[in-house]
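J.: Here it is: the structure, laid out below.
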Amino acid sequence: HGPYQPQEPGYGLDQPGYSPYEDQIPDPQARMLAIKNAKAYLLKTSTRSGLNLYDHFANILTKILDEQPANTVDIIEDISKDVKWAQFRKKMDTLRDEHLILPTFEAAEKCKALFVKEIGEDEREELDEEMPSLPNVMETAFYFEQAGIGLDKDESYYIFLSLKNLINVQPIQTCRFWGKILGLEMNYIIAEVQLHEGEGGEEEEAGEEEEETVAEGEKEMDEAEEEGEEKEKEAEPPKSTYKPPPEIPKEENGTGTNKYIYFVCNEPGKPWVKLPPVTPAQIVCARKIKKFFTGRLDAPIVSFPPFPGNEANYLRAQIARISAGTHVSPTGFYQFANEDEEEEEGDAYEENPEFEPPPVVEMVESLATWAHHVKGILKQGRCVWINPSQKSEENEEEEDEEEEDKEEEEEEQQEERGLPLLTLISEDEGMKNIPAWTAQASTNLIPQYSVAILQSNRWPGAYAFASGRKFDNIYFGWGHKYSPESHTPALPPPAQAEYPSGPGITETVDPTVEEEIAFRVAQEEALAGEEEEGEEEGVEDD
Amino acid sequence: YRFERVWFWGCIQGLRGAYYIAEGLGPDRAAPRSRLYSLNCLDWSLLTPATKEVLALAEQLKGRFQGDPSFEYNLAEINAEAAARLTEGGREPVIKEEARLIATIEQIDREVGIVPRGAFVKTPLGSVHENRHFEGLSLLEAKKLSSYFHFTEPANLKNKTLLEKADLDPSTDFLDSLEHDIPRGSWSIQLEKGSTVVVLRSLLWLGLTFYHVPMTKQFGYVYFGTGEKNLDLPFML
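Quick mapping for you: the protein sequence lines, in order, are chains A and B. Position 398 of the first sequence, counted from 1, bears residue number 398 in UniProt numbering, the numbering being contiguous throughout. Position 90 of the second sequence, counted from 1, bears residue number 90 in UniProt numbering, the numbering being contiguous throughout.
Structure representation (structure tokens):
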């Protein structure tokens, strides 16, 4: 047959299903036309998204043939979606790339600064004389790693380098990596240092100045009170008889709770910040509250009882408590400098050159082989007890002598004695039936190289290891003490009585009518009895 | 055991030893998981799934784990009713530490087991499996709490407003997001290593850490802790 005429029914090949002659091989020309029509249809641009089906299929097939995923037929719809998304993403690509580079880039820059060597050749001689002891963080990390405790190797190394920077910047005598405290937004990395003597003096002077101004302020107030009392004795609101308990002075830098100075940073590479020394009031309050650290040192602590200070002070107080509770060393490693002075002032301990480290097995089995080398904190908040009423005498005026005597009698506080310095940790009390420490050897399989590990149960996160002469303590955790019971916040104190109650103000029930009548009758009888004797008329006053 | 996937769930520290826990799953990712525990990572024992009563009882047990799976807690001190019921039934009023262990793991998984959005898809038939096309969250999404879901039966999905529901994609958004966790702020999000890794830590169960590397398929969570719920959380925030 020749070419089909349009009127013939066999022509409509672009309308599938219409042709009754489907079994016939269609004419090539008509077929080409049909193909062109189909392609035109596929190329029809969608009014909504600006894509067309032809290109979309081409992209899908290209992607499939490039990537060759398994089970393509199952995920064909996902692939189709992805291709569509890719169309839209391209426009934003350049912007996104710039945005993404920044955070990682900045962090890398900071870390790079750590790696830069700052010490020049000339300074090396000076340093060799008074080389402050840079702790070998990597070695400590290795030992703790045997127990499964520790940070990422990279992070340990960064900490190592930033400690080195710290030593170069500050006049440091000894330095130690204390640990890491986790926070909500950022974490804290903490270094425990001892500065050269005389360097901490700046803090002291500032502190003294503050105290002087406070004392002057108090004296001024007292004088004003005197004047006020003399002049206006008439209408004055009643003065509160509340005298706040005398402030317990903080311990000197270099002793007791303030023996070490702590530097913190949020991440290795960031500058180190010095934490202020801790006051007993802060420790006492920190015992009563339990708060997460946010990671910002200037964050306020909202709590009851109100914490005197911000997060830097709370952090310092918790560090002090943790150190006092969990820093241990093998017994005998430290000994008292002076054998005679075993009182509370025996702060000075030194390494015992004749120390023989007990074998690891013994260190694990018996807790008596470990001893605290940091003083415990008394209830007062200090390591050495001080009598607060001594100070109060200086500030009182002469008028208040009577009150003074009363205070001395009432507030005769018991002198608190803490445990002496190098107590064995077997004396540590557990809570309920939980012992205070859990000891383990790092491995049972290789006893000659195993390390004795101590975990504290009172402060979860505090660990100590000992292996031969080497030992160290570290803390990784949230910074809170463990308590088997839930934390109960302190209740507010009861409302103070506004006025003393006495017979003058106390309400009494008015007498009832019967009582009054009975009373009057009794009085009349009494008066009638008197009238018999006397001649005056009985005045009946009720 | 015929698991398709096995992973290390974490470690619960007891007083005298630690329990190492592993979990395994078959083809359906949402099926109840089989859990195994070991004291030394060599010998593993399967834990039988806990009944609801045991779960409720174990929630009341407080204090650290002992480290000994056959240790028995005396129920009489804790819950006299349950103890009475058990004695009537002829059994001793005790709970073994094993039961407490499985109950704790179940609780932790249910309350704080999380996955990133898009990592799992739900087919129209109802079974859940991993999304092979999941290529990680972007950095922006990774910082938001709403891009992470609890991997358990959703409790809050139906309570959302219609507006929110319109935005949901039923194949990927079939779980509860972390945004509405009570109390607010019980998750701590941090970017580490110069924002190459995002780490979420739960404050309700101290010790649960979830990590995800943005723009990659890597994510996971692990528990290292004492196995105790932090009931003081509202005071601490």
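No residue lacks a Cβ here, since even glycine has one placed at the ideal position from N, Cα and C.
K259 of chain A to A497 of chain A, Cα distance in whole Å?
T.: 43 angstroms
J.: Beta-carbon within less than 7 angstroms of A142 of chain B's beta-carbon, same chain only, minus the 5 sequence neighbours each way: which residues are those?
T.: V198, H212, P214
J.: For I64 of chain A and R132 of chain B, I'd like the C-alpha separation in whole angstroms.
T.: Near 15 angstroms, if we compare the C-alpha coordinates of R132 of chain B and I64 of chain A.
J.: When you compare the CB of H487 of chain A with every CB in chain B, is at least one pair closer than 8 angstroms?
T.: yes
J.: Tell me whether S303 of chain A sits in a helix, a strand or coil according to DSSP, three-state version.
T.: Residue state, collapsed to three classes: coil.
J.: Provide the residue span of the alpha helix (DSSP H) that contains Y20 of chain B, from first to last.
T.: Counting along the chain, Y20 of chain B falls outside any alpha helix (DSSP H), though it belongs to the beta strand (DSSP E) covering 18-25.
J.: Which residues bound the alpha helix (DSSP H) around K288 of chain A?
T.: Per DSSP, the unbroken alpha helix (DSSP H) holding K288 of chain A starts and ends at 280-288.
J.: Below 8 angstroms on the Cβ atoms is my contact criterion, and I expect L178 of chain B with S138 of chain B to pass it. Report the Cβ-Cβ distance as a whole number of Å.
T.: Incorrect: roughly 17 angstroms between the Cβ atoms, too far for contact.
J.: Assign E540 of chain A to one of three DSSP states: helix, strand, or coil.
T.: Any answer about E540 of chain A is weak, because its pLDDT of 49 lies below 50 and its placement is not dependable; what the coordinates show is given next. Coil at E540 of chain A, not helix or strand.
J.: Does I434 of chain A come within less than 8 angstroms of chain B when only Cβ atoms are used?
T.: yes
J.: Can you pull out the residues from the segment 176-190 of chain A whose beta carbon lies closer than 9 angstroms to at least one beta carbon of chain C?
T.: Going by chain labels, chain C is absent from the structure shown, which instead holds the protein chains A and B.
J.: For H133 of chain B, return the contacting residues in chain A, with the cut-off set at a CB-CB distance below 9 angstroms.
T.: I75, D78, I79, K81, D82
J.: Quick one: Cα of K379 of chain A to Cα of V284 of chain A, how far?
T.: Roughly 7 angstroms between the two C-alpha positions.
J.: Could you please give me the residues that DSSP links to K180 of chain A through a beta bridge?
T.: Under DSSP, K180 of chain A shares a beta bridge with A:I189, A:F476.
J.: Cβ of D232 of chain B less than 8 angstroms from any chain A Cβ?
T.: yes
J.: Keeping to the same chain, check which residues put their C-beta closer than 8 angstroms to that of P300 of chain A; ignore five residues upstream and five downstream.
T.: N310, E311
J.: Out of B:R33, B:Y20, B:Q60, which has the shortest C-alpha to C-alpha gap to E228 of chain B?
T.: B:Q60
J.: What runs of the beta strand (DSSP E), each 3 residues or longer, lie entirely inside the segment 462-531 of chain A?
T.: 462-467, 470-477
J.: If we count the other Cβ atoms within 10 Å of its Cβ and call it buried at 16 or more, is E525 of chain A buried or exposed?
T.: Residue burial annotation: E525 of chain A is exposed, with fewer than 16 other C-beta atoms found within 10 angstroms of its C-beta.
J.: Going by CA-CA distance only, name the one from B:V6, B:G14, B:R5 that's closest to S456 of chain A.
T.: Nearest of B:V6, B:G14, B:R5 to S456 of chain A, Cα basis: B:G14.
J.: To the nearest angstrom, how far is it from the Cα of P484 of chain A to the Cα of F219 of chain B?
T.: So the two alpha carbons sit approximately 33 angstroms from each other.
J.: Quick one: Cα of residue 580 of chain A to Cα of Q448 of chain A, how far?
T.: The question about residue 580 of chain A has no answer, for chain A in this structure spans 1 to 542.
J.: How is P330 of chain A classed by DSSP in three states: helix, strand or coil?
T.: DSSP, read as helix, strand or coil, puts P330 of chain A in strand.
J.: Output, in chain order, the set of chain B residues within a Cβ distance shorter than 7 angstroms of P460 of chain A.
T.: T226
J.: Distance cutoff 8 angstroms, beta carbons only. Does Q190 of chain B sit that close to anything in chain A?
T.: yes
J.: Taking DSSP as the reference, what is the three-state secondary structure of V384 of chain A?
T.: Correct three-state label for V384 of chain A: coil.
J.: Note down, in chain order, every chain A residue with its Cβ under 9 angstroms from the Cβ of L203 of chain B.
T.: L184, F292, W478
J.: Cβ of R33 of chain B less than 8 angstroms from any chain A Cβ?
T.: no
J.: Check G325 of chain A in the structure and name its three-state DSSP category.
T.: Residue state, collapsed to three classes: helix.
J.: Just curious, the beta strand (DSSP E) that V169 of chain A is in, first and last residue?
T.: No beta strand (DSSP E) contains V169 of chain A, which is instead part of the alpha helix (DSSP H) from 153-169.
J.: If I follow the unbroken alpha helix (DSSP H) through Q146 of chain A, where does it start and stop?
T.: 137-146
J.: T123 of chain B lies in the beta strand (DSSP E); which residues open and close that run?
T.: Premise fails: T123 of chain B is in no beta strand (DSSP E) and is neither H nor E.
J.: According to DSSP, Q194 of chain A sits in a beta bridge with which residue or residues?
T.: BP columns for Q194 of chain A point to A:T174.
J.: Since T438 of chain A meets chain B, which of its residues come closer than 8 angstroms, beta carbon to beta carbon?
T.: L15, R16
J.: Please return the same chain residues whose Cβ sits closer than 7 angstroms to the Cβ of P234 of chain B, not counting the five positions on each side in sequence.
T.: P183
J.: Determine the DSSP secondary structure at P28 of chain A, reduced to helix, strand or coil.
T.: helix
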